[in-house]
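Enquirer:
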Amino acid sequence: MAGAGRDERAWVRGAQRGSAPDLEALFHAHWPAAHRAAYLVVHDAALAEDVAQEAFLAAVRHLDRFDRRRPFGPWLHRIVVNRAIDAARARGVRHESELTEQAAAAEQREPVDRSVLRSLAGLPPEQRAVIVLRHLLGYTPGEIAHLLDLPRGTVNSRLRRGLDAMRGAL
Amino acid sequence: MKDALQSIEVPGAEAARERAATIVLAAFETREPIPRGRRGRVLAVGGALAAAALAIAAASPPGMAVVDRVREVVGIERSAPALFALPAAGRLLVASDGGAWVVQADGTKRLLAGYRDASWSPFGRFLVATRRNELATLEPDGTLHWTLARPGVRLARWGGTQADTRIAYVDHTGIRVVAGDGTGDRLLAPAETGPLAWRPGARHLLAYVSASEVRVQDADAGRVLWRASRGPNEPVRALEWSDDGRRLLVLASHVLRVYDGKGHTVLRDVPNGTGRFTDAAFVPGTQRVVALRNGSDVFRLDTGRTVFRGSGLAGVTPSPDGAWLLVTWPRADQWVFVGPHGTLRAVAGVTEQFRSRSGFPRVEGWCCVRP
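These protein sequence lines are chains D and F, in that order.
Letter by letter, the first sequence follows residues 1 to 170 of the numbering used here.
Letter by letter, the second sequence follows residues 1001 to 1371 of the numbering used here.
(1) Using a Cβ-Cβ cut-off of 6 Å (strictly less than) and excluding sequence neighbours within five positions of Thr1173 of chain F, which residues of its own chain qualify?
(2) Helix, strand or coil: how does DSSP classify Thr1173 of chain F here?
(3) Expressed to the nearest angstrom, what Euclidean distance is found between the alpha-carbon atoms of His1207 of chain F and Gly168 of chain D?
(4) Can you list, in chain order, the residues of the segment 1207-1218 of chain F whose Cβ is nearer than 8 Å to any Cβ on chain D?
(5) Would you decide whether Ala1082 of chain F is buried or exposed? Buried here means 16 or more other CB atoms lie within 10 Å of its CB.
(6) Excluding the 5 residues flanking Ile1175 of chain F on each side, which residues of the same chain have their C-beta closer than 7 Å to its C-beta?
(7) For the putative contact between Leu1155 of chain F and Val1170 of chain F, defined by C-beta atoms under 8 Å, what is the C-beta separation to the nearest angstrom?
(8) With distance defined between alpha-carbon atoms, name the residue in F:Gly1099, F:Ser1096, F:Arg1091, F:Val1266 nearest to Pro1122 of chain F.
(9) Using 7 Å as the limit for Cβ to Cβ distance, is Val1290 of chain F near chain D?
(10) Once the 5 residues before and after Leu159 of chain D are set aside, which same chain residues still bring their CB inside 7 Å of it?
(11) Tell me, which residues are paired with Ala1095 of chain F by DSSP?
(12) Step through the CB atoms of chain F and report whether any lies within less than 7 Å of the CB of Tyr39 of chain D.
(13) Assign Glu1018 of chain F to one of two classes, buried (16 or more other C-beta atoms within 10 Å of its C-beta) or exposed (fewer than that).
(14) What does the Cβ neighbour count give for Ala1211 of chain F, buried or exposed, with the cut at 16 atoms within 10 Å?
(15) How far does the beta strand (DSSP E) with Lys1109 of chain F in it reach, from first residue to last?
(16) Give the DSSP-derived three-state secondary structure of Thr1022 of chain F in the structure shown.
(17) So, does the CB of Phe66 of chain D fall closer than 7 Å to a CB anywhere in chain F?
(18) Can you have a look at Ala1015 of chain F and say buried or exposed, based on whether 16 or more other CB atoms are within 10 angstroms of its CB?
(19) Grab me the residues of Gly1114 of chain F's own chain with a C-beta within less than 7 Å of its C-beta, minus the 5 sequence neighbours each way, in chain order.
(20) Using a Cβ-Cβ cutoff of 8 Å, what residues of the segment 1007-1029 of chain F are near chain D? List them in chain order.
(21) Between Ala1238 of chain F and the ligand COA, is the CB less than 6 Å from at least one heavy atom?
(22) Three Cβ pairs or more, each shorter than 8 Å: is that satisfied between the segment 1232-1252 of chain F and the segment 1277-1295 of chain F?
(23) Among F:Ala1136, F:Phe1308, F:Ser1007, which residue has its Cα nearest to the Cα of Val1178 of chain F?
(24) Take Val1363 of chain F and list the residues in its own chain whose beta-carbon comes closer than 7 Å to its own, dropping the five residues that flank it on each side.
(25) Take the Cβ of Arg1078 of chain F as the centre, count every other Cβ of all protein chains shown within 10 Å, and call the residue buried at 16 or more, exposed below.
(26) I'd like the span of the beta strand (DSSP E) that includes Tyr1208 of chain F, first residue to last.
(27) Could you say which of D:Leu163, D:Ala45, D:Arg69, D:Tyr39 lies nearest to His77 of chain D if we only look at CA atoms?
(28) Hey, is the segment 117-125 of chain D in contact with the segment 139-157 of chain D, meaning 3+ C-beta pairs nearer than 8 Å?
(29) With 7 Å set as the bound, which would you pick, yes or no: does the beta-carbon of Ala1346 of chain F sit closer than that to a beta-carbon of chain D?
(30) Show which residues of chain D have a CB atom less than 7 Å away from the CB atom of Thr1265 of chain F.
(31) Between the alpha carbons of Leu1301 of chain F and Ala1089 of chain F, how many angstroms are there, rounded?
(32) For Val178 of chain D, decide whether its Cβ has a neighbour in chain F, counting only Cβ atoms nearer than 7 Å.
(33) Please name the residue, chosen from F:Ala1105, F:His1254, F:Arg1125, F:Asp1097, that lies closest to Leu1382 of chain F on a Cα-to-Cα basis.
(34) Could you tell me if Glu8 of chain D is buried or exposed, where buried requires 16 or more neighbouring beta carbons within 10 angstroms of its beta carbon?
(35) Leaving out five residues on either side along the sequence, give the residues of the same chain with a beta carbon under 6 Å from the beta carbon of Ile79 of chain D.
(36) Which residue from F:Thr1022, F:Asp1279, F:Thr1351, F:Trp1335 puts its Cα closest to that of Arg1345 of chain F?
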């Protein structure tokens, strides 16, 4: 996981003490995964930027309350993915039309890119979220259940149904 | 699967990272760390605020009734041929290409010729208006108080209390601030172009939108009090504080946000489908928002219920008492006042009444909440 380990704890400790370079290090270590995760759930670049940015701002606001013995990534990813699910739900039908355009653009670049995006797009946001947490960010089903405050069985079923649907689409 | 997910290119990823880094670091540098001993208390206060917000959201809103009907024809058939009177107390400020107009409750109109845009002083006793390279303060009867020559001046907004006011405006140098008596003109935010809105109250706090964020800045001290993500980079169509100064509305085509007094997003709404927001405003005296979507649906955000529908609507302006809503309808050349229990009062021939040769007259404000 990005930024895990001793460096990360030092950055968190430094940021809590007001060190901007440490906060900047945390940001650069975690932004790419957070932004990509948001994008894969909401399927809209502007909205994903918005979601990831708000998650970081929320993290900054609550930094003083963060228990620095814990890894920063799961804390941030929990905020990102929950906000991304809310945003995708609120977006309703709109994301489908934008996704079509983005998928069309992706089609010209990279076949794998296109097919995975398309198959992921066909899933409900909740299934996209668990697949992104499991297969992009590397969390176990138990950890995902904790992050999303869901029963583990629900996580497993969402993963299974989502992957089955993706395989069908691929 | 991991490789496949990582191979997907996020459009504009690098630019997004740079924008976010700037905003997050700026937020970090302006935050106020919480002393360890106070954390429990802060959390408890946060819970109380959340409960209060929920109570506000759940409260049954008075005022505009629901008119959930589709209008097949453009315009209201039974409309008055002229604006004989406003349906509620207060005065309207309207901008047309003929100039700025002050409309009294009895329908009397006065043209302040040559001014492009105008806005009320906080209590509606004066107005500030702009024309090419000149900012002017006037009384509603047109009496000129003072002028200030500035290149490309626009977006003048007047804020403060009865005793101490400030005017913010935009010119070629950025956002500038001058005292209500015309003294102490200075540059507040270099290169910024707005939009901008004064927070109601004694402190001179100005909200404005930059390329990547929303900021609230103390105009006297110069200090930025908070900044927040403004969402997708698209033009902001409306920026407005609630009367109590506790909520800030920022409206862009694809996202409507309401921030609390500390810059936290308390409400965020995106239109469904390929929809876009056209306009939005707080209902005076409340923290409730009325919005116009797709130029066709006027609805209340707290309930989602439609209060008016038409094709080609342009804007919404609530009356000072919150009971009426002025909906501007360029396609029908009408204004429609939507009132309690679905009452409709339409006025036809708006363009001609405001002597506009090109473009539909723009409602700049319906003043005032406080006498």
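All residues carry an ideal CB built from backbone N, CA and C; glycine is no exception.
All values derive from a computational prediction rather than experimental measurement.
Expert: According to the data block:
(1) In its chain, beyond the 5 residues on either side, Leu1187 have a beta carbon closer than 6 Å to the beta carbon of Thr1173 of chain F.
(2) coil
(3) Looking at the sequence itself, residue 1207 of chain F is Ala, so the reference to His does not match. Their backbone Cα atoms lie some 50 Å apart in a straight line.
(4) none
(5) Exposed is the call here.
(6) Only Ala1168, Leu1188, Ala1189, Glu1192, Gly1194, Leu1196, Tyr1208 meet the Cβ criterion.
(7) 5 Å
(8) F:Arg1091
(9) no
(10) Val130, Ile131, Arg134, Pro141
(11) F:Ala1100, F:Arg1362
(12) yes
(13) Answer is exposed; the Cβ neighbour count stays below 16.
(14) exposed
(15) 1109-1113
(16) helix
(17) no
(18) exposed
(19) Gly1099, Arg1131
(20) Ser1007, Ile1008, Glu1009, Val1010, Pro1011, Gly1012, Ala1013, Ala1016, Arg1017, Arg1019, Ala1020, Ala1021, Ile1023, Val1024, Leu1025, Ala1027, Phe1028, Glu1029
(21) The ligand COA is absent from the structure shown, which contains no ligands of any kind.
(22) yes
(23) F:Ala1136
(24) Leu1092, Val1094, Gly1315, Thr1317, Leu1326, Thr1328
(25) With fewer than 16 other Cβ atoms within 10 Å, it is exposed.
(26) Following the DSSP letters along the chain, one finds Tyr1208 of chain F inside the beta strand (DSSP E) bounded by residues 1205-1209.
(27) D:Tyr39
(28) no
(29) no
(30) Glu54
(31) 25 Å
(32) In the structure as shown, chain D starts at 1 and stops at 170, and residue 178 of chain D therefore has no counterpart that could be examined.
(33) Lying before the first or after the last residue shown, residue 1382 of chain F is absent from chain F, which here runs from 1001 to 1371.
(34) By the neighbour-count definition (other C-beta atoms within 10 Å, threshold 16), Glu8 of chain D is a buried residue.
(35) Ala55, Ala58
(36) For Arg1345 of chain F, the nearest C-alpha among the options comes from F:Trp1335.
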